[in-house]
Structure formats: C-alpha cells, structure tokens
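S.K.:
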Amino acid sequence: MTDVRHPVRLIALIVGALAFLFPFYYMLIGSLQAEPDTTPKGALPTGNLTLGNYADIDSRVDLGTALLNSGIFTGGVLLCTVVFGVLAGYALARLHFRGRTLVFNLMLLVQVVPFQLLTIPLYVLIVRTYGLGDTYLGMILPYAINSAAVFIFRQYFMQLPKELFEAAAIDGASELTILWRVALPLVRPALLTAVLLTFIGPWNEFLWPFLITKRADMQPLAVALANYMTNVAARAANPYGALLAGACVLAAPVVVLFIAFQKRFTATDIGSSVKG
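Residues 4 to 279, numbered by the working numbering, are exactly what the sequence shown covers, in order.
1. Of all the options Gln114, Met30, Thr53, Tyr28, which has the alpha carbon lying nearest to the alpha carbon of Gln36?
2. Going along the chain, which residues of its own chain have a beta-carbon closer than 6 Å to the beta-carbon of Leu247, five neighbours each way excluded?
3. According to the neighbour-count rule (16 or more other Cβ atoms, all chains shown, within 10 Å of its Cβ), is Arg191 buried or exposed?
4. Give me whichever residues DSSP pairs with Leu52 in a beta bridge.
5. Measuring alpha carbon to alpha carbon, tell me which of Arg101, Ser150, Ile129 ends up nearest Val116.
6. With C-beta atoms as the reference, is Thr77 less than 9 Å away from Phe213?
7. Between the Cα of Leu200 and those of Val153, His9, Thr180, spot the shortest distance and give me the residue it belongs to.
8. Three-state secondary structure (DSSP) at His9?
9. If contacts are defined as beta-carbon pairs under 8 Å, then Pro145 and Leu125 qualify, I think. What distance do you get, rounded to the angstrom?
10. Relative to the C-alpha of Val226, which residue among Gly244, Gly88, Leu71 is closest?
11. With three or more C-beta pairs closer than 8 Å as the rule, is the segment 53-64 touching the segment 248-255?
12. Using only CA atoms, which one of Tyr57, Glu38, Gly55, Leu111 lies nearest to Pro48?
13. So, at 7 Å on beta carbons, what are the nonlocal neighbours of Ser275 in its own chain, with the 5 sequence-adjacent residues on each side left out?
14. Return the Cβ separation of Tyr288 and Ala186 in integer angstroms, given the expectation that the two are a contact with Cβ distance under 8 Å.
15. Should Gly102 be labelled buried (16 or more other beta-carbon atoms within 10 Å of its own) or exposed?
16. To which residues of the same chain is Ala96 closer than 7 Å at the C-beta, ignoring the five residues directly before and after it?
17. Helix, strand or coil for Val18, going by three-state DSSP, please let me know.
18. Assuming Gly74 and Ala197 are in contact, meaning their beta carbons sit under 8 Å apart, how far apart are those beta carbons, in whole angstroms?
19. Roughly how many angstroms separate the alpha carbons of Leu21 and Gly175, rounded to a whole number?
20. Measuring alpha carbon to alpha carbon, tell me which of Leu195, Lys217, Ile215, Pro223 ends up nearest Pro205.
21. Taking the continuous alpha helix (DSSP H) assigned at Thr138, which residues delimit it?
22. Less than 7 Å between C-beta atoms, sequence neighbours within five positions excluded: which residues of the same chain meet that for Asn51?
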C-alpha cells in the first residue's frame, strides 16, 4: 500500500503558500493597473499594466525623501537595539549583582505595557521638555532599548558554556574583551534575529512618527503614505493603484530582507567551541 500522506502534505503546503502569497501578488498587480479592476478577472490581467501609479505617488509624496527618513529612523533604532540589547543581555546573563532578578522581571513587565499608554508622557518629555520635535533623535529615542531584544540576547548568552568565560578570565581578559571576542561571535544568530524582528517595527511604525513630525520632509514613508491617502489619493487617476503602489514600496524592503536572510535563521553549535 502506497503512502499517500506525502503528496497530500505537499498539496496542503502548496495551497497554504499560495493563500499566503496571494495578497502580495494582488497588491503588486493592482499597483501596475492603469485602471482599477476589483473583479476576480483583475487578479489575472492580460494587459493594461503601467508604472504610472508609482510615478503619480512619487510626484505627490517624494518617495525618495520618505524612504531616506524611514531608513535613518529604522537604522538608528536597530543600532541602539543591538548595542543596548547586547550590553544589557550580557549583564543579566553573566554578571552577578544585587537586584539582577528584579531588573529582569521588570524588563519582562515592560513588554506587556502597550506603547499607546506611554505616548502622551513621551510626547511631553521629548517634544516639549527636550525640544526634539521634527528630529531623527526624537523619533528614535522611545525605541532605543528593546526589551524583547534584551531577552533574546540574555537567553543566548546563558546558553554559552561557562568554561569559555572562565578560560578568558584566567587569561586576564576584561568583561568587555570577553563580550567582544568570546561571546559575540557565538551569538550571531541572536544578532540576526534581533535585527530582523526589530526592523519590522520602526519601518512600519506610524503613530509616534506621525505625532512628532510636522514637516513633510522629515516624515517616514508610513506617515507620508497615510497623509497621501487622506489628502491626495481621492484626486488621483487611479487612487487604488496609487495606494497599492505605495504599499508595495513600503513592503518591498521587508520582503527583500527576509528573503535574503531566511537561511540564516539557524542556531550554531556553541557546544563545539569547548574542547574536551
């Protein structure tokens, strides 16, 4: 009797993949249509495709400047996330100090507090007290420390064999030297995981940049597209196509990043670093 589970599983995976990819496909096809077509036939166009929707939204939003703002905002958040996450995660995993457990528990508690509850206090502090409205620093500061990234780094550092740290300490290495030369090379999967998971948040973030940026030339892409949808899209020749074109521009870097690094989501055999 032949095993039918394998072809059935393959068919189920193909159907699931197609269902997952269809919204992205429809978004791309819709952004290339010269005229809106919301019928099922519009999902399989035989012609009438154009890049005019991209040109139209670029003429009204300045996609280049918006992409640059998003890149600076996201890059600053990623840099702070990695630097502070590595330092805090290493301290919580390897250093022994009074109150370490309390600090870790408070860090976990922070993750359940919605960011929206902190929006008004942060706005008063950053914009009115520090005067950082319409600045990249003002956008980055609330996201400089990511508790989820700290947790990821802590867990990875705790998995490292203690013999590595003991050997480095015997050789006279300082804590920063141990962190830089011993620990970091072994937690590269954690670095990549933290970067990829953190990238999505600031890249798609709307609420905080919308509150803190009033100048159009300082707004990241998500805010610029929202303003376009509110003020301009209805007057476009193909408003649906223009909106889908903007959505494609916003989603493209995330999709490319995950496709490029999807094979790197693997853990290294850190136990092989210790010779018996």
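Glycine included, C-beta positions come from ideal geometry on N, C-alpha and C.
Treat the numbers as computed from the prediction; the structure is a model and nothing was measured.
M.R.: If we stick to the structure as given:
1. Thr53
2. Met30, Gly33, Ser34
3. exposed
4. Partner(s): Gln36.
5. Ser150
6. no
7. Val153
8. helix
9. 5 Å
10. Leu71
11. yes
12. Glu38
13. Residue placement at Ser275 cannot be trusted, given a pLDDT of 40 that sits under 50; what the coordinates show is reported in the next sentence. Within the same chain, Ser275 has no close Cβ partners at all.
14. For the chain, the structure presents residues 4 to 279; residue 288 sits outside this window and is missing.
15. exposed
16. Only residues of its own chain outside the window of five on either side were considered, and among them Arg157, Phe160, Met161 have a CB closer than 7 Å to the CB of Ala96, listed in chain order.
17. helix
18. At roughly 18 Å, the Cβ-Cβ gap does not stay under 8 Å, so Gly74 and Ala197 are not in contact.
19. 56 Å
20. Pro223
21. It is not in any alpha helix (DSSP H) - Thr138 carries neither H nor E in the DSSP assignment.
22. Gln36, Ala37, Glu38
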